[in-house]
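Residue numbers (the working numbering): 64 to 703.
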């Protein structure tokens, strides 16, 4: 045998041996380094050229594959298709090894050259992948095909250095890559009826979920996914998103097979992807309609309880699941139309217990930021539906028994939760019989202020539905004086004011907010309320009107001074809009009687983008020369 032929044979044998080692070791760093170092030293690109030759799209059959039986298996068409599937396995291992190998100048140059050679042929490869999945039932290993293609996409779109290179980005933003990702996500194991997940080992995450996160971690990849999802048919989009919505529960159900740690890591990646989906409002609405909030909350709670029952103490599990819970809550608070309603529903289903289990495993260093309970939830505990859900669940008592071994910044958040809960208990339980007057008429009869029951059924304007009256008399009086002009302006800008429209549900919410204002002004003015100057339109700041400012929309800076802002002046000109004449009229009516009435501007959470701004004129009642009850006389609700 000629020397060149013997060397070529030795090189081929060495490549096969190294590739086999990589496959057995699941592309670990050591075996991947050995393969890449050898091929880079030899400047051997034959393996890539062999892939390209086998993936020739001109060889894709024009018709369906024969049935998967003994006779069909001998068909040349089936043999070629099986050969392509086998090559997809090898290509997946090869390119994933290029990512797993330690970064060096030599390995980077070799990897880039391989990607550059493969890139022009990638579209043809994806055509083979599509054909293979179209006829997966007639091939020998459907699940193995999903594994192979997932590894291949990770190898092409992920970077060994952690940040995607220009070549990775080029592969990642191709529509054919995104379509292939969608195909992989939607694959179902027919015998079980479950989506196919990829558990490489007991402690690793599902590779398919990891692939999705790799795409979302890149701005270009994220934009490509959003664009493609919105471009495909409604049926395809619904199917792809359903695979994301249903997968968390299936990952947990398979935890016995893939391990609790692997399931927790998979959920961490998956929750990151769910949050990235939420950055597009149309896609978020679609997955919410499919039940993503309920199903993700259920999956996280179930996995945490499984670990608790097994008395699992592994830090890697608790770090992963804590981060997953953190991302999920951030997504709900950031994108839900009604975060309070979503939180209340989750708490009723036991999600607060999930937070309690995890908060003892929050990061020990504050800089990481993945610690529970999240501070952003605190303002919503002051919403009736969230408070009542906590009461009904009974888990808040367990929360109070959390012990004294938490990091200080975690304990500080816990104290914030307790303070908000106690405030809500004061408003909704202790003060539930304290009257709250809800009447937009500035000339509301003050003698009736202590008798809410006598106000009768509340009324609203049928045109704009943005004002509330205690009686027909007040409605008629206010119409003639102010609301005739307001109503016309409000109806012209109705979409802007949709969130403040009076409904049976929103009436209760508005009453609760006024009750909170009364409670704080009467019980805790020094702890929560800041004296400020309210700017008057067209006037300098030093001519502003004295006002009290109460911010219950922001999480507290510390447990000692909840929601307190260091403010001297506030400007609500942009929020006042059509309400400005009413508000100025009300302010002018309080001038000269600071001991009898005050003006309050309060802010409550609406959603992640908007706030309720509530202007209230309040009457001060004194007893034995001391300030006692402070009660709302008139109020204006705005959203900003």
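Glycine included, C-beta positions come from ideal geometry on N, C-alpha and C. Small disclaimer: the values here were computed from a predicted structure and weren't measured.
Collapsed DSSP secondary structure at residue i in the structure displayed
i           : result
residue 499 : coil
residue 328 : helix
residue 635 : coil
residue 533 : coil
residue 627 : For residue 627, the predicted model reports a pLDDT of 47, less than 50, meaning its position is unreliable; a value from the coordinates is still stated below. Here residue 627 sits in coil by DSSP.
residue 664 : strand
residue 596 : strand
residue 123 : coil
residue 88  : coil
residue 679 : strand
residue 522 : strand
residue 700 : strand
residue 691 : strand
residue 138 : coil
residue 649 : helix
residue 615 : coil
residue 640 : helix
residue 620 : coil
residue 80  : helix
residue 603 : coil
residue 608 : strand
residue 310 : helix
residue 528 : coil
residue 674 : strand
residue 73  : helix
residue 685 : strand
residue 402 : helix
residue 565 : coil
residue 276 : helix
residue 295 : coil
residue 373 : coil
residue 768 : Here the chain comprises residues numbered 64 to 703, so residue 768 is not present and cannot be evaluated.
Supposed contact pair residue j and residue i - C-beta distance, whole angstroms, cut 8 Å
i           : j           : result
residue 104 : residue 170 : Residue 104 to residue 170, Cβ: 11 Å. No contact.
residue 176 : residue 108 : 7 Å
residue 220 : residue 234 : 5 Å
residue 697 : residue 569 : 18 Å between Cβ atoms; not a contact.
residue 586 : residue 489 : 7 Å
residue 270 : residue 217 : 7 Å
residue 564 : residue 529 : 6 Å
residue 90  : residue 163 : 5 Å
residue 702 : residue 679 : Incorrect: roughly 16 Å between the Cβ atoms, too far for contact.
residue 487 : residue 444 : 6 Å
residue 187 : residue 119 : 7 Å
residue 366 : residue 326 : 6 Å
Status (buried if at least 16 other CB within 10 Å, exposed otherwise) for residue i
i           : result
residue 479 : buried
residue 704 : Past the edges of the chain, shown from 64 to 703, lies residue 704, and the structure says nothing about it.
residue 642 : buried
residue 156 : buried
residue 121 : exposed
residue 625 : Because residue 625 carries a pLDDT of 46, less than 50, the predicted location of this residue cannot be relied on, and the following value inherits that uncertainty. Answer is buried; the Cβ neighbour count reaches 16.
residue 151 : buried
residue 13  : Residue 13 is absent from the model: the chain starts at 64 and stops at 703.
residue 330 : buried
residue 348 : exposed
residue 159 : buried
residue 548 : exposed
residue 623 : For residue 623, the predicted model reports a pLDDT of 44, less than 50, meaning its position is unreliable and no value from the coordinates is stated.
residue 637 : exposed
residue 441 : buried
residue 604 : exposed
residue 505 : buried
residue 297 : exposed
residue 672 : exposed
Distance cut-off 8 Å: residue i Cβ against heavy atoms of the ligand PLP
i           : result
residue 171 : Looking for the ligand PLP in the displayed structure turns up nothing, as the structure carries no ligands at all.
Cβ of residue i within 9 Å of any chain B Cβ
i           : result
residue 242 : In the displayed structure, chain B is absent; only one protein chain is listed.
Start-end ranges of the alpha helix (DSSP H) lying completely within the stretch 238 to 270, minimum 4 residues: Within the stretch 238 to 270, the complete alpha helix (DSSP H) runs of at least 4 residues are 238 to 248.
For the 8 Å Cβ check, are there 3 or more pairs between the stretch 567 to 578 and the stretch 467 to 479? no
Considering only residues of the stretch 152 to 227, which uninterrupted alpha helix (DSSP H) runs meet the minimum length of 4 residues and lie entirely inside it, listed in chain order? 168 to 181, 185 to 197, 205 to 220
Any contact of the stretch 402 to 420 with the stretch 589 to 608, i.e. 3+ C-beta pairs under 8 Å? These segments do not touch.
Below 8 Å, can you find three or more Cβ-Cβ pairs linking the stretch 356 to 369 to the stretch 630 to 637? no
Between the stretch 491 to 498 and the stretch 531 to 551, do at least 3 Cβ pairs fall closer than 8 Å? no
Of all the alpha helix (DSSP H) runs that stay within the bounds of the stretch 433 to 462, which reach a length of 4 or more residues? 441 to 444, 447 to 456
With contact counted as at least three CB pairs below 8 Å, one residue from each stretch, are the stretch 390 to 407 and the stretch 448 to 468 in contact? The stretch 390 to 407 makes contact with the stretch 448 to 468; the number of CB pairs closer than 8 Å reaches 3 or more.
Three or more beta-carbon pairs under 8 Å between the stretch 311 to 324 and the stretch 244 to 254, yes or no? Of all C-beta pairs linking the stretch 311 to 324 to the stretch 244 to 254, fewer than three are shorter than 8 Å, placing the two stretches out of contact.
Pairing CB atoms from the stretch 647 to 661 with CB atoms from the stretch 380 to 388, are three or more of them under 8 Å? no
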